[in-house]
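Shown next, in C-alpha cells, is the structure this report addresses.
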Amino acid sequence: MRPTIVKDNHALPSNLTILKFGGSVLRDAQAVHSAAHEIYRYIRRGEKVIAVVSAISGETDALDAMARDIGGSQNAPGKASLLRLGEIRAAALLALALERVGVDARAVDPAEIDLRAEGRPDDAGLCGLDHGRLAELLEQHDVLIVPGFSGVLENGQPALLGRGGTDLSAVYLGVALKAKRVRLIKDVDGLYAGDPKSDANPRRFDQINWQDAREICGQSIQGHALEYAQKHNLCLEIAASARRFDTRIAPNASLSHARADTRKLKVALLGFGTVGEGVYAHLVRHSDLFEVSGILVRDAAKERDSAAPAHLISTDAGEVFATRPDIVVEMIGGVDAADAFIQNAFFGGADVVSANKAVMAANFDVLQAAAARAGRALRYSAAVGGGVPMLESLDLAREESGVVAVQGVINGTANFILDRLAENCPFDDAVREAQEKGFAEADPSADLDGDDAAAKLCLMARHGFDTPLRASQISMESLSDLSQDRIDAARDAGKVIRQISEIRRDEKGALSASVSLKTIAADHYLAGAKGEQNRLVIDGKNGQKLALRGKGAGRWPTAEAVMADLLDIHRLRGQFEETVSVRAAEPACA
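The sequence shown begins at 3 in the working numbering and counts up by one.
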C-alpha cells in the first residue's frame, strides 16, 4: 500500500471520534436507533463523529447470492457496485434515525470524499482521501456517516476492501484524519481470554498488543485493518454499544478481571405523554439493559400510541414506587408534585432522570442536596434543548475558558407562531395550529409569555456561569404584546422576528438575562431556527463562539436526551474491575 494521498490539507477538528458499526450490531433496520444512541453519547461530549457502517446483517451475502444468480465475472466492477449497496443503505437508514432525534448528520458516499482505493476490485486497499472536502463537511455537520467496505479506484470504478473491510475503512480514516478515537462497536464489550457468553467469570483484556490481537481475533477484526493500525501506531478501541468497558489494542498488554453487574435496571416512568411513550419505546428496544417496572399516568383509560402492558400502567404513585425502581424518570411537568416524586425516589434509593425544566429551575438547590444526601444521581439533560446538548456544551465551555454570554432561540412554539404571524395568520389561529401540531400545550401561556424560556435560562446560568439565576430576575416580553405593525415592518424590511433568550456577564461579574422579541436579519444564525428547531451561540472568554442547532422539542429528540441520561447511569451503576498486568497466553477470541 503506497503512502496516503491527502488533498487540500484544511484544518480538521481535534475532537474527532470515529465509530465503526458492524453487521453484528446492525442486526436489522431498527438497530440503527441503538447506533444513534451511541453516536449521541459522543455528540454530548462536544465531539464531532464520523460513523463508518457495515451493511445490515445478512445483506451483503444476499447481494452476493443475487450476483451469482445473474452470472458474469465475479471480479467485474458491476459486482463491486452491487455489493456496496448494503453499506449505502445502512448509512442512509442511520442518517434518518439521527435526523429523527434532531442530530445534524449527513450520509457521505466514498466518491464524494475521493476515498481512493488501489488493487483488485474485490480486495483493494485504501490510499487517498480528499481531506479538504471532509473538513468542509465536518464544519457543516456534527456527524458524517460513511459507508464502509468500499473505495474508488483511479478510473472512478468502485472497489471492495475484502471481508471485514469496514474495519479498514474506519482505521484508515482514523489515521488520515488524526482522530482522537477510533472505536469498533461489536456485540461484546471487548476481547476476552475465553468466551464471555459461556464463562461464568470471564477475563477481559483492558489492553492487548497488535500481535496478540491478530492471534486471538480470527475474523472478528480484519487483518489488514490491524496491520494498518500497527504500522501507524493507532490505538483501537473494541467495545459494545452502551457498555462501560472496552479493550484497547495498543503496544501494551494487560488483563482485567471484570465483574459486571449484569442485572437489568428497573425503570419507573412518571408520565406517559408524548415524550414518555418515546422513552418507553427505547427502553423496550434495550430490554437487555432495562426493565420497565411501572408507569404512572393521570388517566389509565386514555388511548395512546404505545401499547404498554396494562399491568404496568397505574394512576397510583404508591403502586409504581412499590416496584422498587432503580431509576425514576420524571416527565409529569409542574413543580410541587414533581418535587415530591423526585425526593421520594431518592428516599427509596433510586436515581432520577427528569425532563422537567420547571421543577429543576425552581428547586435546583433543594433537589441537588437531596440527591447528594441519598448518594444518587440526578440527570436532567432533556429539560433544556431537547436533543440539542445545550447544558453539556455549556459545561464544556465553562471548563475550557469560561462563558461571557449565551444567546439563543430555545422555544419552538414561539418560532412556529412567529413564522405564521409573518405570513399574516391571525394570532389565535397560529396558536391553535401550534397546539394541533403538538408544539404548544393546551395552556400555551408559558411559551407565549417567555416563562418556558426563562426556566431554561435559569438552568443555563448554573451550567454556563456557575451562578444561580431566578426567573424573577429575567425580563420577559410576551408574544401577545407583539403588534401587527411591527410584524409588517420586519417582513417589509426582509427581516424576521425571533424570541431571543440571552444571558450576559458584565465586567463586574453580574448576570443580566432576558427573553425578548427581536427583529434580526434573515441571514442571522438565530433566524434559521424553524419550527421545533433550537439554536444557541455560546461566547467563550477565549473569544471563541460555539454554535449549536437541532430539534429542541418533540417526542424523539427529547426521548433521546432522556435515554442518554439513562445509559450514562447504567454505565456508572454497579460495575468495577481489578486490573493486573499480564502477557497474553493463547486465549480464545470472543
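Note that the Cβ used here is the ideal one computed from N, Cα and C, for glycine as well. On a predicted model such as this, the values are computed, not experimentally measured, just so you know.
I need the DSSP call for Ile-218, collapsed to helix, strand or coil. helix
Mark Asp-453 as exposed unless 16 or more other C-beta atoms lie within 10 angstroms of its C-beta, in which case mark it buried. buried
Would you please state the rounded distance, in angstroms, between the beta carbons of Ala-357 and Ala-385? I believe it to be under 8 Å. 6 Å
Proximity of Thr-276 and Arg-557 at Cβ, strictly below 8 Å: yes
Closest by C-alpha distance to Ser-477, when choosing among Leu-28, Val-517, Asp-483 and Pro-470: Val-517
Can you pull the DSSP bridge partners for Pro-160? Val-154
Reduced DSSP category for Thr-19 - H, G, I as helix; E, B as strand; rest coil: strand
Burial state of Pro-428 (16 or more Cβ within 10 Å): exposed
The alpha helix (DSSP H) spanning Gly-414 covers which residue range? 414-424
Thinking just about the alpha-carbon of each residue, which of Ser-395, Phe-348, Ala-456 and Thr-415 is nearest to the one in Ala-436? Thr-415
Could you tell me which residues DSSP puts in a beta bridge with Asn-536? Gly-552
Neighbour-count burial assignment, Asn-413, 16 or more Cβ in a 10 Å radius: buried
Is it right to say Thr-560 is buried, meaning 16 or more other beta carbons lie within 10 angstroms of its own, or is it exposed? buried
For the 8 Å Cβ check, are there 3 or more pairs between the region 198-216 and the region 46-63? no
Which first and last residues belong to the beta strand (DSSP E) in which Ile-476 is found? 476-478
Would Ala-399 and Leu-548 qualify as a contact pair, given that the criterion is a beta-carbon distance under 8 Å? yes
How would you write the range of the alpha helix (DSSP H) that Phe-349 sits in, first residue to last? 338-349
Gly-320 versus Ser-447: straight-line alpha-carbon distance, rounded: 32 Å
If you draw a straight line from the C-alpha of Phe-23 to the C-alpha of Arg-183, how long is it? 14 Å
Whole runs of the beta strand (DSSP E) within the region 383-415, excluding any shorter than 3 residues: 405-411
Sort Arg-300, Ala-310 and Asp-328 by Cα distance to Asp-318 and report the nearest one. Arg-300
Would you list the residues sitting across from Gly-599 in a DSSP beta bridge? Only positions 3 to 592 of the chain appear in the structure, and residue 599 is not among them; the question remains open.
Taking the DSSP output, what are the residues bridged to Pro-559? DSSP, once it has assigned bridges, lists no residue as partnering Pro-559.
Would the region 26-39 count as touching the region 59-70 if we require 3 or more Cβ pairs under 8 Å? yes
C-alpha distance - Leu-538 paired with Gln-221, whole-angstrom precision: 45 Å
Does Arg-507 pass the burial test, meaning 16 or more other C-beta atoms within 10 Å, or should it be called exposed? buried
Closer than 8 Å by C-beta to Ser-482: which residues in its own chain qualify, once you throw out the five before and the five after it? Chain order, please. Phe-429, Leu-450 and Asp-451
Can we say the region 72-80 touches the region 133-142, given the rule of at least three CB pairs closer than 8 Å? no
At the level of alpha carbons, what is the spacing between Ile-571 and Lys-266? 12 Å
From this set, Gly-533, Ala-463, Ala-64 and Val-498, which residue's C-alpha is nearest Glu-504's C-alpha? Ala-463
Spell out the partners DSSP gives Ala-492 in its beta bridges. In DSSP, Ala-492 forms no bridge with anything.
Quick check on this structure: which residue in Met-68, Val-103 and Ala-99 has the alpha carbon closest to the alpha carbon of Ala-555? Val-103
Going by CA-CA distance only, name the one from Leu-87, Asn-157, Ala-97 and Gly-80 that's closest to Arg-118. Asn-157
Look up Cys-129 in the DSSP assignment and say whether it is helix, strand or coil. strand
Exposed or buried, Thr-249, counting other C-beta atoms within 10 Å across all chains shown (16 or more means buried)? buried
May I have the straight-line CA-CA distance separating Gly-127 from Leu-228, to the nearest angstrom? 13 Å
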